[in-house]
Structures are given as structure tokens and as C-alpha cells.
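Colleague: Those sequence lines, one after another, are chains E and W. Taking our numbering, the leading residue of the first sequence gets 5, the next gets one more, and so forth. Taking our numbering, the leading residue of the second sequence gets 460, the next gets one more, and so forth.
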Amino acid sequence: MIRINNLKKAFGLHQVLKGLDLTIPAGQATGIVGPNGAGKTTLIKTMLGLVKADSGDISINDIHLNGNYNYRRDIGYMPQQAHYPEQMIVSELLQFIEDLRGEEAVYKHELINEFKLQPELQKQLRVLSGGNKQKVGATLAMMFNPAILFFDEPTAGLDPRSSFIFKERIQKEKEAGKTVLITSHIMSELEQLVDHVIFILEGEIKYYGKIEDLLKENRQERLEGAIAKLMEEPA
Amino acid sequence: MMRIYLQILRNEFKTLLRAKWVLGYGLIFLLLTDTLFRFAGGGTEVWISVSNIMLLLIPIISLIYGILYIYQSRDYLELLLTQPVNRSTLFWGLYTGISAPLAVAFIIGAALPLGWHGGITEGSGSQLLLVLVLGSVLTFIFVGLGFVMGLWFYDDKIKGFGFSIIIWLFMAVIYDGLIMVIIFLFGDYPIETGIIAVTMLNPMDLARILILMEFDISALMGYTGAVFNQFFGTYLGTIASFGMLGIWLAIPAFAGLRIFRRKDF
């Protein structure tokens, strides 16, 4: 369960989040859409504690994010661009994160198998292709079996086969009752993966609800059309 | 907390050793001491020369390495910050994980040649100790300053590097020049106490003076040297100097921590 109350964040003079309210119940799969610079990544980073909010409060699984850090044990995060320490070897990186958390990565081998990462395990991260780095990112996000998953444009760098495997995996995580949050510009992908959608425009939530309701309200067949219509509306 | 700190520390050590240039850094000091032993034959002269080079080299290398580390590790920092890790623990892990190997490389590099040049001669033990301690302290101070600059100018590397070099230049060269000007202009007034205070505000000067005192070459500095000797040569002077170095150790480290804890990544 994620609760956000009047969340504000500015970078310099630029107000990125303008008093956001949001409640995401446990087990819900939600897509976050909006134009570039709307505040999607900032929202996710604030929930992770990477970005410090100016005001407002966030609680995740009833833990207030007030200098707290243990709540991150329940969150798996796959960043938009997967960059990792270049000199490190893939298997070492996975092991290091395990050691750091003092926790066994229950799905490590399963994910390595699914993403076909074995041939990459002994390579340094700097020689990995963009897509393979993303798979490492996905593995890191899911290997501890966290209850909440954040994916920031997860399939952007993946080839069709990997993308397919990744989506299958997300379906599995959803069925296991995980809270899933995905930002994406690929509407067809969101239609497959999530049932709720949040539309953010200039730091404010313009729509939050079920995808089917959004389609009905806007008399559209596809999410893409409905979102395009929302974007055209005067703010 | 301690476990997490040690994990981060261990990983930094591993990464630094793999990068190999820390070994090169130690090797520079090794060659330096070795060569000096061959030319000067040992004793005080060797350690004065080592300290002269150390006083210039350690601050600039530590400073540049500190800031470079922050710029190069942005992704790594982000990755660690998404884990259940306290920001303070992470900061101390990184800071000590970078500073300690550099200090150790210096210590081993500078002291190892003693092994084949006849070990510690009578009376040079405390001199050696002082040089090694000051070198290590300077390493920590300037890596800390590098961290502060890197975190402060996180998105503007040119500014970060520029200001870092200016800081080094100021402390290594300009500061002394300013003190000279003050002495030159106000030499007729009793300003010795003031000069001592001003000198203590610059960690590089402070280290230099401690070395001058230890090697008993303050006589070279004439009247000022005598005044310095009167102050720094005393028990109180020594305590004050090391106290000041302690403060210098704390300021960059805690300033860096403060910025790190509030920063948006």
C-alpha cells in the first residue's frame, strides 16, 4: 500500500511535482503515463528516497518515509537507464547486493535463466550491451522477491524476445499479488501489463483510474487514443 | 549498520586494487624514497625531501581522486541508494573506502625502502612517524574536500574540477604568498601571534610547520622561525596543531556528509 499526500518537489525554480495525492492499494498493477518531463521519474525516485521531497508525505506499507531506509527492502527498482559500476563483473555485482542486504536472492537463478544471462555472468558490466544491462537491472529489481516493484521504462532497450520474456515475468509477479508500478511511453505494452493508469501532466495527476473506465469516458478503443485525447485537453 | 559499512568498504578496496593505479601511486613514493636514500644516504635529509614532495602531491592527488570518484560513481551511488542502506553509512563507507587505500599506498610506498636501506636509524623514528601520519591525515582531508566539491557541483564537472584546483593552488601557493605580504607590510608591528593563528587555518601550512619543527630547521626561518619555535615547539603548541588538524579532518568529512544526506540523486 502506497499513500502519498500533497507531495511537492521543485528543482531550482522548476516545480516538478505540484502537490500530488495518490493511493495505490497493495496488489494493484498501475501504469504511469505522461509527456517527457511531466514528473514520472521524479515521483518514483521520491518514493525510493533518491529524491527528497520539499513537502508532503509518503508512506509505504504504513512506514513513513522520514529518513527511514528499511522500507526499501520491500521495493524492487529498475531504473530507466541501467548503468552499473563498469569494472564490476555481473556475478560479483549480484553477489555484492546480496551481501549488502544480508539476504538471499531467492529468484536469482530463476531470473538469470529466464533472461538467458548465463553467458554474461563473468563479463565486466562495461562490455555488456544496453539490453543485457537492462536485464541485469530487471534481475536486481526482482531477485529478492519484493512486494512492490517499480519499473521505469523497462522495455525501452530490450529486443522483442527479451521484451516478451520480461512481460511474461511481470504477469507472473502480478499474479503473485505484487504491487507493480510501470512508467512507459508504449501504450500497447501498458494495456497488456496493468489495469490502472495514472496520467501525469506538469506535476499534477490528471487522471487516475481503471483503463477500461478511461476508454469508456473518452469513447476510445485503445489506450493510446484516450491518452492522446487527454494530452490535447487544455490544462 | 556495521555490516553494511564493512561490505561497502570491502567493495571499495576491491575496486581500487583492481584499478591498479593505487599501486602506481604507492610506487611513486617507493621510487622517491629509494632514490633519495641512494643520493642522500639516509637520515633526516631523506625525510625532509619526502615530506616536501608529499606536501604538494598528496593534497592534489587526493582532491582530484575524491572528486573524480563522485563523478564516476553516480550510477553506483544510485544503485546503492535504492537498497535498504542508510545514507550516512553509505557515505562513511565510500569516504573511508577511498581515503584509506590511498593513505596505505603512501605509507607502504614511503616506508618500504627502509627495508633495504638499513631500517630506522637512531633519531629518525619519530621523524618518519610524523611524515607518515601527516601524509595520511592530508589524504583524508583532501579526499573529503574532493567529495564536498563533487557533491556540491554534482552536475557541473568543469566547475567542480576548476574550483578544486583553485583550492589546491590557494592552499599550496597563494596562501603563503599572502602571509609573506602581510609580514612584509606589517613587519614593524607585533603580528607573530596573528601569523601563527593564520598559519594554522591552512592544513598544508600546518603540516609543513610541524615538519619544520620536528626536523629542527626552523632556524633557517630567522626571527619568524624563532617565534614559531616558541609556540609550536611547546607541548601546548603541539597539542594545538594536532587539534587543528583534527578539526581539519572533521570539516570536509562532515560537510560532505551533510550535502550527501540532503542531496537529490
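Think of the CB as a built atom: it goes at the ideal place given N, C-alpha and C, for glycine as much as any other residue. Computed from a predicted structure; not experimentally measured.
Name the chain W residues whose beta carbon is nearer than 9 Å to that of R130(E)?
Modeller: Residue numbering aside, residue 130(E) sits at position 126 when the first sequence is read from its first letter. Neighbours of R130(E) on chain W: none; closest Cβ ~11 Å, over 9 Å.
Colleague: Report the rounded CA-to-CA distance for I116(E) versus M147(E), giving the unit in angstroms.
Modeller: Here residue 116(E) corresponds to residue number 112 of the first sequence, with the count starting at 1. Here residue 147(E) corresponds to residue number 143 of the first sequence, with the count starting at 1. So the two alpha carbons sit approximately 9 Å from each other.
Colleague: Going by DSSP in three states, Q84(E) sits in which element: helix, strand or coil?
Modeller: Within the first sequence, the letter at position 80 stands for residue 84(E). DSSP places Q84(E) in coil when its eight states are reduced to three.
Colleague: Considering just the uninterrupted stretch of the alpha helix (DSSP H) at A559(W), what are its terminal residues?
Modeller: Position 100 of the second sequence, counting from 1, holds the residue named residue 559(W). Its alpha helix (DSSP H) spans residues R546 to A570.
Colleague: Could one say the Cβ of F100(E) lies closer than 8 Å to chain W's Cβ atoms, at least one of them?
Modeller: Along the first sequence, one-based indexing puts residue 100(E) at 96. Answer yes: the Cβ-Cβ gap between F100(E) and chain W drops below 8 Å somewhere.
Colleague: Closer than 8 Å by beta-carbon distance: list the chain E residues that pair up with R462(W), in chain order.
Modeller: In the second sequence, residue 462(W) corresponds to position 3, counting from 1. Residues of chain E passing the Cβ test: G106.
Colleague: What does Y81(E) reach in chain W if we use C-beta pairs closer than 7 Å?
Modeller: The residue labelled residue 81(E) in the question sits at position 77 within the first sequence. Result: T541.
Colleague: For F601(W) and chain E, any beta-carbon pair shorter than 8 Å?
Modeller: Stepping through the second sequence from its first residue, residue 601(W) is reached at position 142. Closer than 8 Å: no.
Colleague: Under 8 Å between the Cβ atoms of Y73(E) and I64(E)?
Modeller: What you label residue 73(E) is simply residue 69 of the first sequence in a count that begins at 1. What you label residue 64(E) is simply residue 60 of the first sequence in a count that begins at 1. Contact: no.
Colleague: Could you tell me if S133(E) is buried or exposed, where buried requires 16 or more neighbouring beta carbons within 10 angstroms of its beta carbon?
Modeller: Counting from one through the first sequence, the residue named residue 133(E) turns up at place 129. That one is exposed.
Colleague: Taking the C-alpha atoms as reference points, what is the distance between E206(E) and Y212(E)?
Modeller: Position 202 of the first sequence, counted from the start, is the residue given in the question as residue 206(E). Position 208 of the first sequence, counted from the start, is the residue given in the question as residue 212(E). Between E206(E) and Y212(E), the C-alpha separation is close to 15 Å.
Colleague: Flag P158(E) as yes if its beta-carbon sits less than 8 Å from any beta-carbon of chain W, otherwise no.
Modeller: Position 154 of the first sequence, counted from the first residue, corresponds to residue 158(E). No, P158(E) lies away from the interface with chain W (no Cβ there is under 8 Å from its Cβ).
Colleague: Any beta carbon from chain W within less than 8 Å of D199(E)'s own beta carbon?
Modeller: On the first sequence, position 195 is the one that residue 199(E) refers to. No - not a single Cβ of chain W is within 8 Å of the one on D199(E).
Colleague: Just checking, does the stretch 632-644 of chain W make contact with the stretch 553-563 of chain W on the three C-beta pairs under 8 Å criterion?
Modeller: In short, these stretches do not touch, since the Cβ pair count stays below three.
Colleague: Check whether the stretch 56-71 of chain E touches the stretch 105-125 of chain E, counting contact only when three or more Cβ pairs, one atom from each stretch, lie closer than 8 Å.
Modeller: Too few Cβ pairs lie closer than 8 Å, so no.
Colleague: Using a beta-carbon distance cut-off of less than 8 Å, what residues from the stretch 57-88 of chain E approach chain W?
Modeller: Answer in chain order: Y73, N74, Y75, R76, R77, I79, Y81, P83, H87 and Y88.
Colleague: Does the count of Cβ pairs from the stretch 560-573 of chain W and the stretch 585-596 of chain W closer than 8 Å reach three?
Modeller: With a cut-off of 8 Å, the stretch 585-596 of chain W and the stretch 560-573 of chain W count as touching, because enough Cβ pairs lie within range.
Colleague: Within its chain, find whatever has a CB closer than 7 Å to the CB of F472(W); leave out the 5 residues flanking it on each side and keep chain order.
Modeller: By one-based count along the second sequence, residue 472(W) stands at place 13. For F472(W), where only same-chain residues beyond five positions count, the Cβ hits under 7 Å are G556 and P560.
Colleague: Would you list the one or two residues that DSSP bridges to L26(E)?
Modeller: Taking the first residue of the first sequence as position 1, residue 26(E) is located at position 22. L26(E) is bridged to I8(E).
Colleague: Where do the N-terminal and C-terminal ends of the alpha helix (DSSP H) with G705(W) fall, by residue?
Modeller: Residue 705(W) sits at position 246 when you count from the first residue of the second sequence. First-last of the alpha helix (DSSP H) with G705(W): Y694 to R721.
Colleague: With a threshold of 8 Å between beta carbons, is R497(W) in contact with chain E?
Modeller: Working through the second sequence from its first residue, we reach residue 497(W) at position 38. False, the Cβ-Cβ gap to chain E never drops below 8 Å.
Colleague: Which same chain residues end up closer than 6 Å to Q224(E) when comparing Cβ atoms and leaving out the 5 residues on each side of it in sequence?
Modeller: Indexing the first sequence from 1 puts residue 224(E) at position 220. Cβ within range, chain order: A230.
Colleague: Got a sec? Which residues, its chain only, sit under 6 Å from G240(E) by beta carbon, not counting five neighbours each side?
Modeller: Residue 240(E) is absent from the structure shown; chain E starts at 5 and stops at 239.
Colleague: Name, please, each residue of chain W whose Cβ falls closer than 8 Å to the Cβ of V55(E).
Modeller: In the first sequence, the residue the question calls residue 55(E) occupies position 51. Those within 8 Å of V55(E) in chain W are D723 and F724.
Colleague: Assuming E208(E) is part of the beta strand (DSSP E), what are its boundary residues?
Modeller: One-based indexing of the first sequence puts residue 208(E) at position 204. From DSSP, the beta strand (DSSP E) with E208(E) extends over E208 to K214.
Colleague: Quick check: the stretch 567-577 of chain W against the stretch 487-496 of chain W, are at least 3 beta-carbon pairs closer than 8 Å?
Modeller: Short answer: they touch.
Colleague: In chain E, what lies closer than 9 Å to T474(W) by C-beta?
Modeller: Indexing the second sequence from 1 puts residue 474(W) at position 15. Under the 9 Å cutoff, chain E gives P89, Q91 and M92.
Colleague: Could you check what DSSP says for A240(E) in three-state terms: helix, strand or coil?
Modeller: Lying before the first or after the last residue shown, residue 240(E) is absent from chain E, which here runs from 5 to 239.
Colleague: At 3 residues or longer, what runs of the beta strand (DSSP E) sit wholly inside the stretch 80-148 of chain E?
Modeller: Here no run is fully enclosed.
Colleague: With 7 Å as the C-beta to C-beta threshold (strictly closer), list the residues of the stretch 140-172 of chain E near chain W in chain order.
Modeller: From the stretch 140-172 of chain E, no residue has a Cβ closer than 7 Å to chain W.
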